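Okay, structure first, notes after.
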Amino acid sequence: MTIAFTEIQETIRMVQMESLDIRTVTMGINLRDCADSDFSKLNKQVYEKITTYAKDLKAVAEQVEREYGIPIINKRISVTPIAEILGSASKEEAIELARTLDRAALELGVDFIGGYSALVHKGISKGDQTLLDALPEALSVTERVCSSISVATTRTGINMDAVRQMGIIIKQAAELTSDRNGIACAKLVVFCNPVEDNPFMAGAFHGAGEGECVINVGVSGPGVVLNALKKHPDVDLGNVADIIKKTAFKITRAGELLGRVVAERLEVPFGIMDLSLAPTNAMNDSVAEILEEIGLERVGTHGTIAALALMNDAVKKGGAMASSYVGGLSGAFIPVSEDNGMIKGIVDGALSLSKLEAMTCVCSVGLDMIAVTGDVSPATLSAMIADEAAIGMINKKTTAVRVIPVPGKKEGDMVEFGGLLGRAPVMGVNNFSSEKLINRGGRIPAPLQALIN
Amino acid sequence: MTEKEKQKRAVVSVVGKDQVGIIAKVTTVLAENNINVLDISQTILQDFFTMMMLVEVKELSSLDVLRTDFERVSSQLGLKINIQLEDIFQSMHRV
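Those sequence lines, one after another, are chains A and B. If you use numbering that gives the first Met the number 0, the first sequence corresponds to residues 0 to 452, in order. If you use numbering that gives the first Met the number 0, the second sequence corresponds to residues 0 to 94, in order.
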């Protein structure tokens, strides 16, 4: 079976002109066996296990990248939710463990390590509470450690006590890094219905159902989809979906192949392929621009949800056929700061916070990388989390909140986070209080959707 | 052909302004590295030279050597030369 000239050219063009890349190869590592009642032992075992298992991750990924001519942008690590191995460690020890993870990531040359996490969607255990208490400081004294907290699921409802705490924690984390525009919050995701095999940061962790070690892969490719659509400016929406589907198929196949080769060479099982379209700040590598290409003057206007639903579904359909094991979040990401089209939508007044919320009903993942005014109250942040969690809980999907209340900034300011995290216009929030709702506490019961047995 | 053998084929693609000696220089690099050419196709598209070659790769490590040698040729002639394992094209374009 020979490959046509045009097909080879198409692949090369995708990489060189349209920013096709493998966004991340993430190694999941189980840390449960590192638990120890003696903290110094635990600390040492965690460091040694991570740096042993992942010692060749970067080198192998870079080698595969060269051989196949497709860039692998990030090499990352996800670990067992740290709250589960903390046991009776103190807050200070939990912060020390975050530093250890940071040191391991630095040593291995990976850009992020995810899993400084706790699953508290029904209740908060002792280790969970220690991690929550340590969180603001842990995220502000480390560079590469990412955290995710699960506060709700469809099966359990929403733990509003955890939601209340998260508003306070986000606020504190922002203030502790006020000299860097509250960047600690960019490494903290609050989830409803989190997945255990997500390769993308900041929400990656190695869940309880996972094996000892696994390779999960996330592809990118909004630029490729955008360019494919540009070649057919006047086709109807059925054909638009078809073009996206075919493009997603090709992108996913490239990702699956590279992921499998990396996994094989590291002698680790291949886990899943995450089908999410993940934008970057590179020119034309924007999810918002795809929506605009479908036919919106600016993202955020009427019709945005319909276009997004079409796109998200088409990506899944194409990707599902291309990969044997689809998992992770698998849906379009709409982070504001990492997508030039989204930034433009906000600056031009087309895209609002409420529209962003509505968009999360039809795609993954949620309010992502959104900068809000520095004077927002913790209760308002909690209420934003509760709203997103409710959308996820009722619709049986993953939703998340990663907002940054940027200290000292007001609506309309622009803040720089640097690197992959990009820059974001500061958005205003609704000024009416949600204090009473948040202070009631307790748990929002699981919805009827949970009763499926 | 088994999966293992298939892995050892790579596609060399050359794109750039048409000029004398492109094929000669590129194939010289291959010959010097003892690389066998299995298939070759070439065309001129709007003044642009495009060539694809399917080559046999005995050792994956030789790809790095080839890449360095090609860099020399590509800067000399102002060309873009890529070498990629063939499976990537099979994966992306064949069901």
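Beta carbons: idealized from backbone N, C-alpha and C, even for Gly. Just so you know, these numbers come straight off a predicted model, no measurement behind them.
Interface residues of chain B facing LYS57 of chain A [CB-CB closer than 9 Å]: Residue numbering aside, residue 57 of chain A sits at position 58 when the first sequence is read from its first letter. Correct list: empty, because the minimum Cβ distance to chain B is about 17 Å.
For CYS362 of chain A and VAL140 of chain A, the rounded distance between their alpha carbons: Within the first sequence, the letter at position 141 stands for residue 140 of chain A. Within the first sequence, the letter at position 363 stands for residue 362 of chain A. Their Cα atoms are separated by approximately 33 Å.
Interface flag, THR10 of chain A vs chain B, CB-CB below 7 Å: Stepping through the first sequence from its first residue, residue 10 of chain A is reached at position 11. Closer than 7 Å to some Cβ of chain B, the Cβ of THR10 of chain A qualifies, so yes.
C-beta contact flag for ALA137 of chain A and ALA97 of chain A at 7 Å: For the purposes of this step, residue 137 of chain A is identified with residue 138 of the first sequence, where counting begins at 1. For the purposes of this step, residue 97 of chain A is identified with residue 98 of the first sequence, where counting begins at 1. In contact: ALA137 of chain A and ALA97 of chain A (Cβ atoms closer than 7 Å).
Under the three-state DSSP convention, the category PRO70 of chain A falls into: Taking the first residue of the first sequence as 1, we reach residue 70 of chain A at position 71. Three-state result, PRO70 of chain A: coil.
Where the segment 63-81 of chain A meets chain B: residues whose CB sits under 8 Å from a CB there: ARG65, GLU66, TYR67, GLY68, ILE69
Whole beta strand (DSSP E) elements within the segment 7-43 of chain A, 3-residue minimum: 21-28
Reduced DSSP category for LYS408 of chain A - H, G, I as helix; E, B as strand; rest coil: The sequence position of residue 408 of chain A within the first sequence is 409, counting from 1. Note: LYS408 of chain A maps to coil in three-state DSSP.
Beta-carbon gap between VAL109 of chain A and ILE76 of chain A smaller than 7 Å: Residue numbering aside, residue 109 of chain A sits at position 110 when the first sequence is read from its first letter. Residue numbering aside, residue 76 of chain A sits at position 77 when the first sequence is read from its first letter. Yes.
Residues that DSSP places opposite VAL371 of chain A in a beta bridge: Looking up residue 371 of chain A in the first sequence gives position 372. Its beta-bridge partners are A:PRO404, A:MET426.
With 16 other Cβ atoms within 10 Å as the buried cut-off, status of MET282 of chain A: Reading the first sequence from its first residue, position 283 is the one you call residue 282 of chain A. With fewer than 16 Cβ atoms within 10 Å of its Cβ, MET282 of chain A is classed as exposed.
Local conformation of PHE48 of chain B per DSSP, three classes: Here residue 48 of chain B refers to the residue found at position 49 when the second sequence is read from its first residue. Of the three classes helix, strand and coil, the one that applies to PHE48 of chain B here is strand, per DSSP.
Chain A residues whose Cβ lies nearer than 7 Å to that of MET51 of chain B: Position 52 of the second sequence, counting from 1, holds the residue named residue 51 of chain B. Under the 7 Å cutoff, chain A gives PHE4, ILE7.
Neighbouring residues, chain B, relative to LEU256 of chain A (Cβ below 7 Å): Stepping through the first sequence from its first residue, residue 256 of chain A is reached at position 257. Near LEU256 of chain A (Cβ distances below 7 Å), the residues of chain B are ASP86, ILE87, SER90.
Integer Cβ distance of MET310 of chain A from ILE403 of chain A, believed to fall under 8 Å: Along the first sequence, read from residue 1 onward, the residue named residue 310 of chain A stands at position 311. Along the first sequence, read from residue 1 onward, the residue named residue 403 of chain A stands at position 404. MET310 of chain A to ILE403 of chain A, Cβ: 26 Å. No contact.
For LYS16 of chain B, the residue or residues it bridges with in DSSP: Position 17 of the second sequence, counted from the start, is the residue given in the question as residue 16 of chain B. Per DSSP, B:PHE47.
Chain B contact residues for ALA253 of chain A, given Cβ-Cβ distances below 7 Å: To locate residue 253 of chain A, count along the first sequence from 1; it is residue 254. Under the 7 Å cutoff, chain B gives ILE87, SER90, MET91.
Cβ neighbour criterion (16 or more within 10 Å) applied to ALA161 of chain A: Locating residue 161 of chain A in the first sequence gives position 162, where the first residue counts as 1. Buried, because 16 or more other Cβ atoms sit within 10 Å of the Cβ of ALA161 of chain A.
Beta-carbon proximity check, PHE416 of chain A vs ILE182 of chain A, cutoff 7 Å: On the first sequence, residue 416 of chain A is found 417 positions in, with the first residue counted as 1. On the first sequence, residue 182 of chain A is found 183 positions in, with the first residue counted as 1. In contact: PHE416 of chain A and ILE182 of chain A (Cβ atoms closer than 7 Å).
Min CB distance VAL10 of chain B to chain A below 7 Å: Reading the second sequence from its first residue, position 11 is the one you call residue 10 of chain B. Chain A, which has a Cβ nearer than 7 Å to the Cβ of VAL10 of chain B, makes this yes.
Within 7 Å, strictly: CB atoms of MET272 of chain A and GLY254 of chain A: Within the first sequence, residue 272 of chain A is the residue found at index 273, counting from 1. Within the first sequence, residue 254 of chain A is the residue found at index 255, counting from 1. The answer is yes: Cβ separation under 7 Å.
Chain B contact for LYS354 of chain A (CB, 7 Å cutoff): Here residue 354 of chain A refers to the residue found at position 355 of the first sequence. It does not: the Cβ of LYS354 of chain A has no partner Cβ on chain B nearer than 7 Å.
Bridge partner(s) assigned by DSSP for GLN83 of chain B: Within the second sequence, the letter at position 84 stands for residue 83 of chain B. Bridge partners of GLN83 of chain B: B:VAL10.
Stretch pair the segment 337-353 of chain A + the segment 114-127 of chain A: three plus CB contacts closer than 8 Å: no
Neighbour flag for LYS244 of chain A against chain B, beta carbons, 7 Å: For this step, residue 244 of chain A is matched to residue 245 along the first sequence. Taking Cβ atoms only, chain B never reaches closer than 7 Å to LYS244 of chain A, which makes this a no.
LYS57 of chain B, buried or exposed, once every other Cβ within 10 Å from all chains shown has been counted against 16: The residue given as residue 57 of chain B occupies position 58 in the second sequence. Exposed is the call here.
Close-in-space but distant-in-sequence residues of the same chain around ILE84 of chain B (CB under 6 Å, 5 per side omitted): By one-based count along the second sequence, residue 84 of chain B stands at place 85. Note on identity: in this sequence residue 84 of chain B is Leu, with Ile being the wrong assignment. Closer than 6 Å at Cβ, skipping near neighbours: ALA9.
C-alpha gap between LEU453 of chain A and PHE38 of chain A, whole angstroms: Shown here, chain A extends from 0 to 452; a query on residue 453 of chain A therefore has no answer.
Within 7 Å, strictly: CB atoms of CYS145 of chain A and ALA201 of chain A: The residue labelled residue 145 of chain A in the question sits at position 146 within the first sequence. The residue labelled residue 201 of chain A in the question sits at position 202 within the first sequence. Taking 7 Å as the Cβ cut-off, CYS145 of chain A and ALA201 of chain A qualify as a contacting pair.
Chain A contact residues for LEU62 of chain B, given Cβ-Cβ distances below 9 Å: On the second sequence, residue 62 of chain B is found 63 positions in, with the first residue counted as 1. By Cβ distance, chain A contributes ARG65, GLU66.
Residue nearest to ASP68 of chain B in terms of C-alpha spacing, selected from B:THR26, B:GLY15, B:HIS92, B:VAL14: Along the second sequence, read from residue 1 onward, the residue named residue 68 of chain B stands at position 69. Closest option to ASP68 of chain B, Cα to Cα, is B:THR26.
VAL234 of chain A classed as buried or exposed, judged by whether at least 16 other C-beta atoms fall within 10 angstroms: As a position in the first sequence, residue 234 of chain A is number 235, starting the count at 1. VAL234 of chain A comes out exposed.
Near-chain A residues of the segment 34-49 of chain B (beta-carbon distance less than 9 Å), N- to C-terminal order: ASP38, SER40, THR42, THR49
Within-7 Å CB hit, MET0 of chain B to chain A: Here residue 0 of chain B is taken as the residue at index 1 of the second sequence, counted from 1. Any answer about MET0 of chain B is weak, because its pLDDT of 44 lies below 50 and its placement is not dependable; what the coordinates show is given next. Output row for MET0 of chain B: interface = no.
Selection from B:VAL54, B:LYS79, B:PHE88 that minimises the alpha carbon distance to ASN32 of chain B: The residue given as residue 32 of chain B occupies position 33 in the second sequence. Among B:VAL54, B:LYS79, B:PHE88, the Cα nearest to that of ASN32 of chain B is on B:VAL54.
C-beta atoms of ILE11 of chain A and SER60 of chain B nearer than 7 Å: As a position in the first sequence, residue 11 of chain A is number 12, starting the count at 1. As a position in the second sequence, residue 60 of chain B is number 61, starting the count at 1. Not in contact: ILE11 of chain A and SER60 of chain B (Cβ atoms no closer than 7 Å).
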